[in-house]
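Working notes, beginning with the structure itself.
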Amino acid sequence: KWKEESHCMEQEKRVKRQKTEKKAWKFLSWETLGIVMAACVIQAIVWIGMHGVPLVGLPEKEEVSSITITHSDFGERELTGTEDIELMVKAANLLNYRVFGEKEGSPIISVTYHLKNGRDIRIEANHTTMWWHGKTHPIKDQDVFVNVIQGLYFEWKE
Numbered sequence: 143k144w145k146e147e148s149h150c151m152e153q154e155k156r157v158k159r160q161k162t163e164k165k166a167w168k169f170l171s172w173e174t175l176g177i178v179m180a181a182c183v184i185q186a187i188v189w190i191g192m193h194g195v196p197l198v199g200l201p202e203k204e205e206v207s208s209i210t211i212t213h214s215d216f217g218e219r220e221l222t223g224t225e226d227i228e229l230m231v232k233a234a235n236l237l238n239y240r241v242f243g244e245k246e247g248s249p250i251i252s253v254t255y256h257l258k259n260g261r262d263i264r265i266e267a268n269h270t271t272m273w274w275h276g277k278t279h280p281i282k283d284q285d286v287f288v289n290v291i292q293g294l295y296f297e298w299k300e
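Mapping of the sequence shown onto this note's numbering: position 84 corresponds to residue 226, and the numbering continues sequentially without gaps.
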């Protein structure tokens, strides 16, 4: 009889310990998940604050057959070389934009990506503002995109 009672008590202790461990594990996992989610949101806000919002929907270099660059002062250039296409696809990554800020002026440079599937994707910009999918956004790093395009593909006017 004593052995049976001892065995029952051990079994009860084991069941209580398992329930306690399950509760602790559930509490720990939800708490940890909440902390990780909060850290991710904070990190995203800090990154966007420092670097700006990246453009979504830019073509890959393999999708582009040619590029037309139009500058309001220097005219038009057609790019078909593989290196030029790769460079211009990468150059569009300079156009991260700010969520808030002034949008001003009219476009100086227009870059049209002619895709192999027949579609065209167009980005327009001046020194402070860019136009993408019919919306106007203030550029995070002002002057960089226009200066890079002018320096690579157009002669400077003195």
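Built from N, CA and C at the ideal position, the CB exists for glycine as well. These numbers come from a predicted model, not from an experiment.
Starting from V198, follow the beta strand (DSSP E) in both directions and report where the run begins and ends.
Here residue 198 refers to the residue found at position 56 of the sequence shown. No beta strand (DSSP E) contains V198, which DSSP labels as neither H nor E.
Since L257 and S207 should fall inside the 8 Å C-beta cutoff, what is the C-beta to C-beta distance between them, to a whole number of angstroms?
For this step, residue 257 is matched to residue 115 along the sequence shown. For this step, residue 207 is matched to residue 65 along the sequence shown. Right, the Cβ-Cβ distance comes to about 7 Å (below 8 Å), so this counts as a contact.
Continuous beta strand (DSSP E) stretch holding T212: start and end
In the sequence shown, the residue the question calls residue 212 occupies position 70. For T212, the uninterrupted beta strand (DSSP E) run begins and ends at 206-213, by DSSP.
Ignore the nearest five residues each way along the sequence and tell me which others in E297's own chain have a CB closer than 8 Å to its CB.
As a working note, residue 297 is residue 155 in the sequence shown. Listed in chain order, the non-local C-beta contacts of E297 below 8 Å within the same chain comprise F216, local neighbours out to five positions each way being set aside.
C-beta atoms of Y239 and M272 nearer than 8 Å
Numbered from its first residue, the sequence shown carries residue 239 at position 97. Numbered from its first residue, the sequence shown carries residue 272 at position 130. Yes.
Rounded to whole angstroms, how far is the Cβ of D283 from the Cβ of H269, which I believe are closer than 8 Å?
To locate residue 283, count along the sequence shown from 1; it is residue 141. To locate residue 269, count along the sequence shown from 1; it is residue 127. About 11 Å separates the Cβ atoms of D283 and H269, ruling out a contact at the 8 Å cut-off.
CA-to-CA distance, E202 to I251, given in whole angstroms:
If you number the sequence shown from 1, residue 251 lands on position 109. If you number the sequence shown from 1, residue 202 lands on position 60. So the alpha carbons of these two residues sit roughly 20 Å apart.
Any idea what DSSP makes of E297, helix, strand or coil?
On the sequence shown, position 155 is the one that residue 297 refers to. The three-state secondary structure of E297, taken from DSSP, is coil.
Based on Cα-Cα distance, which residue from E228, I209, K277 lies nearest to V198?
Taking the sequence shown and counting its residues from 1, the one referred to as residue 198 is at position 56. When each option's Cα is compared against that of V198, the closest is K277.
Can you tell which of Q292, H279, G223 has the C-alpha that lies nearest to the C-alpha of G247?
Taking the first residue of the sequence shown as 1, we reach residue 247 at position 105. Taking only the C-alpha atoms, the option nearest G247 is H279.
Cα-Cα separation between I190 and L221, rounded to whole angstroms
Here residue 190 refers to the residue found at position 48 of the sequence shown. Here residue 221 refers to the residue found at position 79 of the sequence shown. When rounded, the distance between both Cα atoms is 32 Å.
Provide the residue span of the alpha helix (DSSP H) that contains T224, from first to last.
The residue you call residue 224 lines up with position 82 of the sequence shown. Run containing T224: 224-233, per the alpha helix (DSSP H) assignment.
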